[in-house]
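FYI, in full-length UniProt numbering the residues of the sequence shown are 1 to 186. Glycine residues also receive a C-beta, built at the ideal position from the N, C-alpha and C atoms. Worksheet: the structure to be examined is printed underneath.
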Amino acid sequence: MKEYVKAYEKMTIVNAFIMLIVGIIMTLFPLKMMSLLITIISCFLVADGAYHLIHYAFLDAHLRPYSSDLLIGVFSIILGLVMGIDPMHIMMVLPLVFAIWIVMKALVKIQVSFMLVGTLEVKWAFLFLEAVVEILFAGIMILHPLSSLLSVTMIIGILLIIMAIIEIIETRLVIKRLTQTNGWGS
């Protein structure tokens with residue numbers, strides 16, 4: 001068990017340091033990190049598209065009319081190439097897509113809150129207020145898409161840093177406690 005715990009400690013601390021480094025990079029260089037992420041996603045899309053095309057090419061002729069591999073393969077490759085060629089425009093579009101999605105969800109919440117007005121058990125006003133705040137948040141994302149994306153990237157980076165520090169401290173405390181309890185020594 002001692003070897004397992006020591007291996008767990010090493011693995012956890014390595015993972016925490018990776019999270020810490022990624023968090024620092026995301027916080028200090030959010031634009032480059034988002035560009036890198038979009039480039040990686042575009043490479044995966046191109047590879048996935050190539051896989052689907054190869055799969056389609058090796059299908060039996062009688063199965064090809066029922067396969068969606070050709071369509072998925074071509075679409076994935078085109079999307080991957082577009083994302084890889086111009087990641088900056090993709091970064092501008094992402095917040096807009098999320099903002100539209102948030103507005104749609106908020107409008108449904110407003111509709112549900114109006115339906116609940118006559119019900120005393122449910123606090124419809126809280127649901128309505130939450131939807132209004134979501135619409136305001138989406139409006140900020142629409143007006144400032146790039147700064148919204150960079151802010152979210154930086155916040156995720158800060159959260160990763162905090163999680164990594166907590167992970168390191170927690171692991172050290174657990175290992176220390178196990179060592180004291182089981183008399184393993186250092």
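Query	Result
Anticipated Cβ contact below 8 Å, methionine 19 with alanine 164, distance rounded	4 Å
When Ser113, Thr153, Thr119 and Gly118 are compared against alanine 125, the one with the closest alpha-carbon	Ser113
Buried versus exposed call for histidine 52 [16 or more other C-beta atoms within 10 Å across all chains shown]	buried
C-beta contact flag for glycine 157 and proline 30 at 8 Å	yes
Cβ pair count under 8 Å reaching 3, the region 138-147 against the region 81-96	yes
Straight-line Cα distance separating alanine 57 from phenylalanine 75	16 Å
Separation of threonine 153 from glycine 23, as counted between CA atoms	9 Å
Close beta carbons around methionine 34, own chain, < 7 Å, minus the five adjacent residues each side	Met91, Leu149 and Thr153
As assigned by DSSP and simplified to three states, the class of alanine 61	coil
Contact set for leucine 70: own chain, Cβ-Cβ below 8 Å, skip 5 residues either direction	His52, Leu53, Tyr56 and Arg64
Leucine 79 vs leucine 45 beta-carbon contact at 8 Å	yes
Length of the line joining the Cα atoms of leucine 129 and leucine 173	42 Å
Same chain, Cβ closer than 8 Å to glutamate 170, five either side skipped, listed in chain order	none
Cβ neighbours of leucine 81 in the same chain (closer than 8 Å, five flanking residues each side left out)	Ser42 and Val46
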